[in-house]
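What follows is one structure encoded as structure tokens, with my remarks underneath.
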Amino acid sequence: MIANRFLEWSDDLSVGIAEIDAQHQILVDLLNEIHEAIREGTTVEVTKGIIDRLDQYTRIHFAVEECLMRILDYPDYERHKQEHDKLLAQLTDLHIKLEKGKGAIGFELAFFLKGWITQHILEGDQRYAAHFLSRGIKSDAEPKSSWAQRVMNLLVRR
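Structure follows, in structure tokens:
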């Protein structure tokens with residue numbers, strides 16, 4: 283458990299759709315794990331493992347969002363997908379650099395990810411959420427067992 287969280291989940295970050303919020307909370311938790319590992323001076327290998335989990339989970343989360351956008355005919359799909367693709371390319375580039383021993387894992391990475399996650403949720407994701415809700419997606423349905431958490435549990439077991 284992280285005592286002083288780098289990014290605290292709050293209602294401001296909620297898009298009002300329980301499953302998407304659960305997925306976003308996992309992304310926030312992974313960001314906090316990365317920050318904590320950097321702060322504590324954890325080994326590069328351990329920190330890389332957390333970054334790999336963030337990368338894998340982010341890809342799954344983006345796929346869910348993008349599928350819903352296509353199904354619900356979200357008019358700004360292409361622009362939103364470009365934002366996703368740009369971050370995924372940056373994560374891939376970071377992974378390649380780390381594998382070659384050329385990348386650094388520092389607080390700059392944590393602050394970059396924090397800025398990206400918060401800005402993306404507060405701007406882009408809030409827009410699609412309004413569209414989803416207007417198309418009949420339920421806002422208050424708490425999943426009995428979050429699909430997002432089950433996927434994350436599988437990634438942790440690897």
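When you read off a place in the sequence shown, starting at 1, and then add 282, the result is the number in the working numbering. Yeah, the Cβ is synthetic: ideal placement off N, Cα and C, and Gly gets one too.
Pick from His413, Glu301, Leu380 and Arg321 that is closest to Phe393, judged by C-alpha positions: Its Cα nearest to that of Phe393, the residue Arg321 stands out among His413, Glu301, Leu380 and Arg321.
Minimum C-alpha distance to Asp337 - residue among Gly388, Arg409, Ile308 and Glu301: For the set Gly388, Arg409, Ile308 and Glu301, the Cα lying nearest the Cα of Asp337 is the one of Ile308.
Leu395: first and last residue of the uninterrupted alpha helix (DSSP H) it sits in: For Leu395, the uninterrupted alpha helix (DSSP H) run begins and ends at Phe389 to His402, by DSSP.
Beta-carbon spacing of Leu313, Phe288 below 8 Å: Contact flag set, yes.
Segment contact, 8 Å Cβ cut-off, at least three pairs: the stretch 345-362 with the stretch 399-412: Flag = yes, the stretch 345-362 and the stretch 399-412 touch.
Under 8 Å between C-beta atoms of Leu395 and Ile332: Not a contact, by the Cβ cut-off of 8 Å.
Phe344, enclosing alpha helix (DSSP H) - first and last residue: Phe344: member of the alpha helix (DSSP H) spanning Val326 to Ile353, first to last residue.
Candidates Val310, Asn286 and Gln305, of which the one nearest Ile399 by Cα: The shortest C-alpha separation from Ile399 is found at Val310.
Counted within 10 angstroms of its Cβ, other Cβ atoms place Asp375 as buried (16 or more) or exposed: For Asp375, the number of other beta carbons within 10 angstroms of its own is below 16, and it is reported as exposed.
Range of the contiguous alpha helix (DSSP H) that encloses Ser416: Gln408 to Ser416 is the span of the alpha helix (DSSP H), which, as asked, contains Ser416.
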